[in-house]
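Chains as they are written, first to last, in the working numbering: chain P, 1 to 180; chain Y, 1001 to 1235.
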């Protein structure tokens, strides 16, 4: 069986899911026997090549994430929403209950820890926040989801290992469903 | 008392009349999912999870508010019912802001367990993201409307068991809310006795004591059922 290509991508999330991915510990050796990790926050690849599996952490919170997820969808055969934020917005979506301006002002201008000297970041390179945070599935077709905040390392390994062996995992049957 | 025969999932059972389909199923270990049912208080058929199919009826019937009848043919395990159970569960999640990761009930929540049971891994409906109030005015307890699924177990327990009727319901549709007294802050309530029964009746993290942090809330709804049973005892 030819080696597969695996990418893990970090959008609007806290990287906790990637931390949990690292928690698969030595089982990463079983993964790299079957796949090359070609792009990930923990490896050095810059461009996203065509990949068999893309694990995408985090929700779509800005114009940049929106562009990225469309690109990932084109490049990935199997797109997996990785973690509660990617699946159902979770903590990143908590700003959806409020007006965006109010949220940004609270964080950057009026936060008590700013001691009255807060400044609004305005560099043109910065991404532009969308009004509402949405899960991946509202923008692109998602092939599989791993809920959990973060998903357990066992669950992540189970899903990866099944896909790498050309089987379709079933979280419900494997009793690995978890939110929060 | 004369027994009657009902057929549940192609098995025959001899049961007492005047019982609900839910009671009969629970007694005979036929699994039925519920959220708004709490043994001992009046059933209202609000959550629609206990829907069953009855031969000869063209709509689904809630098991908790329907009495058994002689020769009733009941099905609780069809694909159609499973489909509706999943839809109902997903709509609970989509309607309010259920962020399990920051919830006091995380890991011990009836809504989470329900999701696992019916196999919800993602929500196929757009989340409403309503702006909900968190009422922290009570000295000991918090009412977080973000996590409420409108089972109204708190309303019924407060009314029927404690006899205080602090809680009630206002509005309709997705704007429906639990209210304290006449929609005033809970802390200002003149009827609440601070007994805490609503807290134990609540299946999610909507009502919780202030001394609790994320994932640490242990609820004991069985306590309410036991209390009701003991009050019936003749000394």
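We put the CB at the ideal spot given by N, CA and C, even for glycine.
Note that the structure is a prediction, hence the values are computed from the model and not measured.
For residue 1156 of chain Y against residue 1042 of chain Y, the beta-carbon gap comes to about 6 Å, under 8 Å, which counts as contact. Taking the Cα positions, residue 80 of chain P is about 42 Å away from residue 1197 of chain Y. Taking 8 Å as the Cβ-Cβ cut-off, the stretch 92-113 of chain P approaches chain Y at 93, 94, 96, 97 and 98, given in chain order. At a C-beta separation below 8 Å, residue 147 of chain P has these neighbours in chain Y: 1121 and 1122.
Using a C-beta cut-off of 8 Å, the stretch 1050-1070 of chain Y makes no contact with the stretch 1109-1117 of chain Y, since fewer than three inter-stretch Cβ pairs fall below that distance.
Shown here, residue 1186 of chain Y sits in a helix according to DSSP, grouped into three states. For the stretch 1122-1152 of chain Y, the beta-carbon criterion of a distance under 9 Å to any beta-carbon of chain P is satisfied by 1122, 1123, 1124, 1126, 1127, 1129, 1130, 1131, 1132 and 1146. The alpha helix (DSSP H) runs lying completely inside the stretch 80-110 of chain P and spanning 4 residues or more are 84-88 and 100-108, given in chain order. Chain order gives the chain P residues near residue 1115 of chain Y as 177 and 179, where near means a beta carbon separation below 8 Å. Taking 8 Å as the threshold, the shortest C-beta distance from residue 90 of chain P to chain Y falls below it. Here residue 1193 of chain Y carries a coil assignment [DSSP, helix/strand/coil].
Any Cβ of chain Y closer than 8 Å to the Cβ of residue 138 of chain P would place that residue at the interface, and such an atom is present. Here residue 45 of chain P has 38 and 39 as same chain residues with Cβ atoms under 6 Å from its own Cβ, once five neighbours each way along the sequence are excluded.
If only complete runs of 4 or more residues are kept, the stretch 12-67 of chain P shows the alpha helix (DSSP H) at 16-22 and 28-34, in order along the chain.
Contacts with chain P at 8 Å (Cβ-Cβ) do not include residue 1164 of chain Y.
At a C-beta separation below 9 Å, residue 1009 of chain Y has no neighbours in chain P, since its nearest C-beta there lies roughly 21 Å away. In this structure the stretch 22-35 of chain P does not lie against the stretch 94-109 of chain P, because fewer than three pairs of beta carbons, one per stretch, are closer than 8 Å. For residue 130 of chain P, the enclosing beta strand (DSSP E) stretches over residues 129-134.
Within chain Y, no C-beta atom comes less than 8 Å from the C-beta of residue 129 of chain P; the nearest is roughly 15 Å away. With its beta carbon less than 8 Å from one in chain Y, residue 84 of chain P belongs to the interface.
Boundaries of the alpha helix (DSSP H) around residue 1088 of chain Y: 1079-1095. Contact annotation for residue 1099 of chain Y against chain P: 90, 91 and 94 [CB-CB distance below 7 Å, chain order].
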